[in-house]
Amino acid sequence: MPSGGDTPRPVHVAVVGVDGAGRTHRLDELARGRPCEALDTGADPAQARDAVERARQGGAVLLLDDAHRMSAPVLELLAAAVRSGVPALLSRRPSLVSPQLAELDAAIAASGRVEQLGPLVPAEVAATLARVCGHPVDPDRATAVHGATAGRPALVVAMAADDSAHLASRVARQLARSGAEPLARLLALHADAVDDVIARAIGLEPDRFAGVLRELRDAGLLTAEEDRLLPAVAEAVLALATPTELRDGHDALARSLATYDPVAAAEHLRAAGGRSPTAAATYLAAGQAQRHPDPGDADGWYDLALACGADPAELVVGRAEAALRLGRAPALDVPAGSAEAAPMAVVAGIAAAHQGRAARAAELLVAAGTPGPVLAVPSLVATGSLEPAREAAREAAREAARDAPHAARLLAGAALELATPDRAVPLLIEAAEALEASPHLLLPDTPHAIGALAAVAAGDPATAEHLLKRACAAGLNGPHGGVRHRLLLAWVRLRGGRPDTAREELARVGAASLPGREALLVAALTAGLARRSGEASQLRSAWSVARPVLARRAVDLLVAEPLEELLVAGARLGEPDHAVPDDLDTVLDRLGRPPAWQAVVAWTRLQAAIAVEDAPAAAAAARALPAHGALRPRAQARAAALWAAALRAEVEEAQVSAAAEGLVAVGLPWEASRLCGHTAIRTGDAAVARRLLSRARDLGTPDPGHQALSSAAGSPADDPTSLLSEREIEVARLVLAGQTHKEIGAQLFLSPKTIEHHVARIRTKVGAGTRAELLAALRPLAP
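Take 1473 as the starting number for the sequence shown in the numbering used here and just add one per residue.
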């Protein structure tokens, strides 16, 4: 006892740390040399009162190891004793699991201190290993042990002998004491799973789950930064589990993960080598989830599902859709009358459309259930079956067909206007916007692609390019859709006088095997590029690809434009079957010979006749071109008459120049250049020939930004109404009035995005680069 009358300060210390942190060892250090009265964790209140009284009478220190395990009444009694001055040394886990333990801890802290035991630093781990092993250890070994144990002293000691059984035995005891073995096993199986995934997998309510997790944390089995098992502990937990427990754990985790992310669940099971029925269902679910955004990945999941015993019928539709998105021919065989027969009938119709068999696609889709008839409308119109198309569109509006997707219904309505492209394009833009809001919808063709072809036929390549860029950005119809949109983008650029950028887009597609529709488009692009560069061998190559496709006699309205390049190539090569197929004339007759498309076909015949200098055929084609309707057919008709006259050596320079400018204005700059060049070499006036050849050279090298659409002489800026459609004039006048896109849309019952497209086309047609230039160009339209 101290002398001199000093009163000894009571000893009050709480030692806090997770299991295995050395709490008992530190308690022994603090108690050394002092009389102690130890109290067992199972003591009852009477035993606790006796121990307190003995400590008070004998001047001893209460020794309370693992106080967190004592009962609430005992803890209350001990807290009162500490507050009365009885010295006490206490150890506990970090969590204050009861109000009574918190009170005791507060009483000790009020007159003493709380010691927090942390992990060993790397140097301390090395020293501990050396002490237990009896010799210094390799620094790499010490580093590895520190990483596996996070410096928990008990685990470091357990690993010192390099005996996994010793470590597993310690972990097993801790898990048995805590009752958290199932949770620990799941944490070991999927360290990255979030808490709610684990809780769902183990079947625990959130509050109960938090309690079990806290038990593992206090047991010293989890990392300090996040609730993940220490690496050494995870290894021991997995070593303790039976194969059945591991399989069941993986399955439980996969079922839980699948409620959040079926692909993550499948990836977990694949990494674990899962082959159970649960694994089969999980792989199937991942395939179904991925068949839209990543059909290639979906294919792999379907393979795994089948390998694990999944019913092939469950994945046949998904696998077929994935194949279509990848540009492959799907397997279409399913039992008649099965649940899969109806959706597979739709898949078969879409596959036929991809193959370029529009009539067959329409037949299959009309016979299929919803949404087949609605999807058939574009193919029906493209093959001239207008009344069946109208009936299918009407069906889409009936109550029985409300399941048809909104974008498909809008596309059907827009397709009914295809005969008049300038009327169809705004409607196709609206359908395109709807599809972008539902990008997973699989269609025979997108409104973007159809809209681009219609826009080109209407003399509006700017809108065509805009639509195709949007489709590429949105990833519509999967990888195969990307190929189609990129090929059409190349086509639009080729038609717009930009062969170099068209060649770049074609190169980006690569040499992949393509369905018939896209194979025909590649052949047309190859022929068009060869025609512009004079590469005869490429013409032959293009024709060899196109000929078997054309032999199927499956042409339709939407291939009429690209067909021009192939038929001109056939004419130049002297092929006997290079003429425009009669089926295309049949389609035009069924549609009432709409001027825009009649012009496309007649123009193709004109170009084929010019290629072989067949003056009578050129004259007949020129006469077939309608001189009325939209601006493009009128410009083509004017140019065709002069071209046919040139073959008879009749050249009027002023008229040729004006006609060339008309072609430029409707997006045909290369044709304008050829018109000037062909007439130049057939005039007997050398000065005229020089001027026309000079103009041909100018038109043959347009600048990268749509020079084709901002004409020189006879510029549309002089008279905007000469290039604008009636709808565009309406929009232009409202722009001049200072209204916003939203206000204009509300007045015309169109979406703001559609108005934006109209304004973009107006700006391009009048050659305006800024808003000020646009308003100046449109001033003649002001009332």
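For every residue, glycine included, the Cβ atom is placed at its ideal position computed from N, Cα and C.
Beta carbon of residue i nearer than 8 Å to that of residue j
i, j, result
"proline 1911", "leucine 1948", "yes"
"leucine 1535", "leucine 1576", "no"
"histidine 1952", "arginine 1763", "no"
"alanine 1652", "glutamate 1687", "yes"
"arginine 2167", "alanine 2132", "yes"
"arginine 1965", "threonine 1973", "yes"
"leucine 1627", "alanine 1704", "yes"
"valine 2073", "valine 2123", "no"
"alanine 1864", "proline 1843", "no"
"threonine 1935", "arginine 2233", "yes"
"leucine 2164", "glutamate 2125", "yes"
"threonine 2058", "glycine 1828", "no"
"alanine 1598", "valine 1609", "yes"
"glycine 1799", "alanine 1770", "no"
"glutamate 2037", "alanine 1929", "no"
"alanine 1726", "histidine 1740", "yes"
"leucine 1446", "arginine 2062", "Because the chain is modelled from 1473 through 2255, residue 1446 falls outside the range shown and cannot be assessed."
Whole-number beta carbon distance between residue j and residue i, since they are thought to touch under 8 Å
i, j, result
"alanine 1782", "leucine 1756", "5 Å"
"histidine 1920", "leucine 1939", "4 Å"
"alanine 2111", "proline 2098", "Contact doesn't hold; Cβ gap of about 13 Å is too wide."
"leucine 1914", "glutamate 2007", "Contact flag wrong, Cβ pair sits at about 37 Å."
"proline 1594", "alanine 1620", "Proline 1594 to alanine 1620, Cβ: 12 Å. No contact."
"alanine 1656", "valine 1709", "5 Å"
"arginine 2104", "valine 2136", "12 Å between Cβ atoms; not a contact."
"arginine 1942", "glutamate 1976", "That belief does not hold up - the Cβ atoms of arginine 1942 and glutamate 1976 are roughly 19 Å apart, past 8 Å."
"proline 1971", "leucine 2001", "6 Å"
N-terminal and C-terminal residue of the beta strand (DSSP E) that residue i is part of
i, result
"valine 1533", "1533-1536"
"glutamate 1509", "1508-1510"
"alanine 1486", "1484-1488"
"alanine 1560", "1560-1564"
Opening and closing residue of the alpha helix (DSSP H) in which residue i lies
i, result
"glutamine 2070", "2067-2083"
"leucine 1526", "A small correction: the amino acid at residue 1526 is arginine; leucine does not occupy that position in the sequence shown. Run containing arginine 1526: 1517-1530, per the alpha helix (DSSP H) assignment."
"glutamine 1572", "1571-1583"
"arginine 2167", "2158-2172"
"arginine 1791", "1784-1797"
"aspartate 2057", "2054-2062"
"serine 2009", "2008-2022"
"aspartate 1667", "1667-1674"
"aspartate 1500", "1495-1503"
heavy atom of the ligand SAM below 7 Å from residue i C-beta
i, result
"glutamate 1717", "The model depicted lacks the ligand SAM and carries no ligand whatsoever."
Residue from the options whose Cα sits closest to the Cα of residue i
i, options, result
"histidine 2213", "Gly1950, Leu2220, Gln2219 and Pro2224", "Pro2224"
"valine 1788", "Ala1630, Ala1817, Gly1799 and Pro1765", "Ala1817"
"glutamate 1889", "Pro1850, Thr1918 and Arg1866", "Pro1850"
"leucine 1502", "Gly1514, Asp2061 and Val1483", "Val1483"
"glutamate 1548", "Ala1532, Ala1515 and Pro1566", "Ala1515"
"alanine 1811", "Gly1768, Ala1785, Ala1794 and Arg1791", "Ala1785"
"alanine 1544", "Val1558, Gly1745, Ala1560 and Thr1513", "Thr1513"
"leucine 1659", "Asp2061, Thr1695 and Gly1954", "Thr1695"
"leucine 2022", "Ala2087, Leu2035, Gly1841 and Gly1590", "Leu2035"
"leucine 2078", "Pro2066, Ala2096 and Gly1768", "Ala2096"
"alanine 1581", "Leu1702, Ser1563 and Thr1935", "Ser1563"
"arginine 1742", "Ala1713, Val1709, Asp1766 and Ala1779", "Ala1779"
"leucine 2208", "Glu2200, Ala2254 and His2230", "Ala2254"
"leucine 2030", "Ala1830, Pro1807 and Ala1861", "Ala1830"
"glutamate 1587", "Val1487, Glu1596 and Glu2085", "Val1487"
"proline 1749", "Ser1650, Leu1702, Ala1861 and Asp1720", "Asp1720"
"glutamate 2143", "Ala1751, Ala1711, Trp2115 and His1618", "Trp2115"
"arginine 2065", "Ala2043, Glu2085, Gly2101 and Ala2081", "Gly2101"
"alanine 1896", "Arg1555, Ala1574 and Arg2199", "Arg2199"
"arginine 2003", "Arg1747, Ala1560 and Arg2044", "Arg2044"
"isoleucine 2201", "Gly1759, Leu2247, Gly2156 and Leu2171", "Leu2247"
"glycine 1768", "Ala1813, Ala1903, Gly1950 and Ala1879", "Gly1950"
"cysteine 1605", "Asp1612, Gly1590 and Ala1630", "Ala1630"
Original post:
Is there contact here, the region 2031-2050 with the region 2008-2015, by at least three beta-carbon pairs under 8 Å?
Top reply: yes
Original post:
Using 8 Å as the threshold, is the region 1492-1500 in touch with the region 1519-1530, meaning 3 or more CB pairs across them?
Top reply: no
**OP:** Flag this pair as touching only if the region 1671-1684 and the region 1624-1643 have three or more C-beta atom pairs under 8 Å; answer yes or no.
**Re:** no
Original post:
Is the region 1832-1841 touching the region 1981-1991, taking contact as three or more C-beta pairs under 8 Å?
Top reply: no
Original post:
Using 8 Å as the Cβ pair cut-off and three pairs as the minimum, do the region 1955-1962 and the region 2125-2141 touch?
Top reply: no
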